[in-house]
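A.B. asks: Numbering (the working numbering), first residue to last: -14 to 141. Pasting a structure here, questions to come.
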């Protein structure tokens, strides 16, 4: 199931080339913002999955080309990045040691949104395709073989 926010941060499910509004399936969740809503959906997904699926299966979708896809996790509380790229272009001969860094929650934008760059001379501003894992429950000292149990989903 591909969850998405669209237009005025309505919750939807992406099916093929359409987005189905499923906000009615979660209308009983008290929330103060889209981020609060998606956090509560993620935290209790097993309770909401059937209703979301039913709404997606029975709803009429709008073509993705006719909606504004928003940030999937608006202003997430934490973005931890791993600098392990540049293998493909020959910059590195072997993977770099783990190099983690944080990004601002304001760094997440929706599909087609404009990236606002500082008005300064720069040698490079590089937009990159990214993949993100969404951790769905609290984790600490997790064994490697159990790591996937904590992943809610991914975004790209």
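By construction, the Cβ of each residue, glycine as well, lies at the ideal position given by its N, Cα and C atoms.
(1) If we call anything under 7 Å between Cβ atoms a contact, is residue 133 one with residue 120?
(2) Taking the beta strand (DSSP E) that residue 87 falls in, what are its first and last residues?
(3) If you draw a straight line from the C-alpha of residue 20 to the C-alpha of residue 108, how long is it?
(4) Quick one: give me the first and last residue of the alpha helix (DSSP H) that residue 26 is part of.
(5) Quick check: residue 140 and residue 59, are their CB atoms within less than 7 Å of each other?
(6) In the DSSP output, what is residue 67 paired with across the bridge?
(7) What is the rounded straight-line gap between the Cα of residue -4 and the Cα of residue 55?
(8) What would DSSP say about residue 1, mapped onto helix, strand or coil?
(9) Using a threshold of 7 Å, state whether the C-beta atoms of residue 44 and residue 4 are closer than that.
C.D. replies: Once the coordinates are examined:
(1) Between residue 133 and residue 120, the C-beta gap is not smaller than 7 Å, which leaves the two residues out of contact.
(2) According to the DSSP assignment, residue 87 belongs to the beta strand (DSSP E) that extends over 85 to 88.
(3) Straight-line spacing of the CA atoms in residue 20 and residue 108 works out to 34 Å.
(4) Looking at the DSSP string, the run of the alpha helix (DSSP H) that includes residue 26 is 19 to 28.
(5) Taking 7 Å as the Cβ cut-off, residue 140 and residue 59 do not qualify as a contacting pair.
(6) Beta-bridge pairing links residue 67 to 85.
(7) Distance between the alpha carbons of residue -4 and residue 55: 10 Å.
(8) Three-state DSSP puts residue 1 in coil, outside helix and strand.
(9) No, the Cβ-Cβ distance between residue 44 and residue 4 is not below 7 Å.
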